[in-house]
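Peer 1: Residue numbers (the working numbering): 724 to 884. A virtual CB, placed ideally from N, CA and C, is assigned to each residue, including glycine. Bear in mind the structure is a predicted one, so any value in this text is a computation, not a measurement.
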């Protein structure tokens with residue numbers, strides 16, 4: 724059984740590097756960003772979103788841990804955000820370490836997140852998922868998330884960004 728616990732400073736260092744590199748890789752993979760400077764660009768976006776790290780107001784960073792063994796299984800980052808004048812929770816990142824995937828930990832983490840978000844007085848959780856990430860999309864759909872918008876591109880002259 725997995726649970727959400729406030730992220731530790733030790734976990735944050737690992738989370739930070741994985742979040743920055745993973746976001747850069749995903750933006751490269753979908754063609755939004757060129758490989759050169761993608762890591763720098765991702766780092767800048769993360770710096771802007773989390774200027775005070777773990778202490779950034781309205782941002783909640785969790786370790787996903789096994790309830791019995793206390794083993795670190797992954798991480799989840801959610802923030803309160805304003806969308807068209809309505810306060811919502813927005814999931815910026817969720818990560819389950821490869822050895823623990825496909826065991827229901829992400830699903831349980833999102834169920835726990837729902838209770839946490841309700842406790843904040845919020846009634847909506849939003850997130851972004853890259854179109855090519857079919858596994859994540861299937862998870863979110865199984866949890867009741869619905870597509871609210873869809874971005875599309877057509878690349879001309881072999882340009883991918």
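Rounded to the nearest angstrom, what separates residue 836 and residue 867 at their Cα positions?
Peer 2: The residue given as residue 836 occupies position 113 in the chain shown. The residue given as residue 867 occupies position 144 in the chain shown. When rounded, the distance between both Cα atoms is 14 angstroms.
Peer 1: Quick one: any contact between the stretch 836 to 850 and the stretch 798 to 817, if contact means 3 or more CB pairs under 8 angstroms?
Peer 2: These segments touch.
Peer 1: At the level of alpha carbons, what is the spacing between residue 775 and residue 800?
Peer 2: Counting from one through the chain shown, the residue named residue 775 turns up at place 52. Counting from one through the chain shown, the residue named residue 800 turns up at place 77. Computed Cα separation, rounded: 14 angstroms.
Peer 1: Starting from residue 743, follow the alpha helix (DSSP H) in both directions and report where the run begins and ends.
Peer 2: On the chain shown, residue 743 is found 20 positions in, with the first residue counted as 1. From DSSP, the alpha helix (DSSP H) with residue 743 extends over 732 to 752.
Peer 1: From this set, 806, 728 and 843, which residue's C-alpha is nearest residue 787's C-alpha?
Peer 2: Counting from one through the chain shown, the residue named residue 787 turns up at place 64. Selected option, being the one with the closest Cα: 728.
Peer 1: I need the straight-line Cα distance from residue 865 to residue 758, nearest angstrom please.
Peer 2: Looking up residue 865 in the chain shown gives position 142. Looking up residue 758 in the chain shown gives position 35. Those two C-alpha atoms are separated by around 33 angstroms.
Peer 1: Under the three-state reduction of DSSP, which class applies to residue 863: helix, strand or coil?
Peer 2: Translated into positions along the chain shown, residue 863 becomes position 140. The answer is helix: DSSP assigns residue 863 an H, G or I state.
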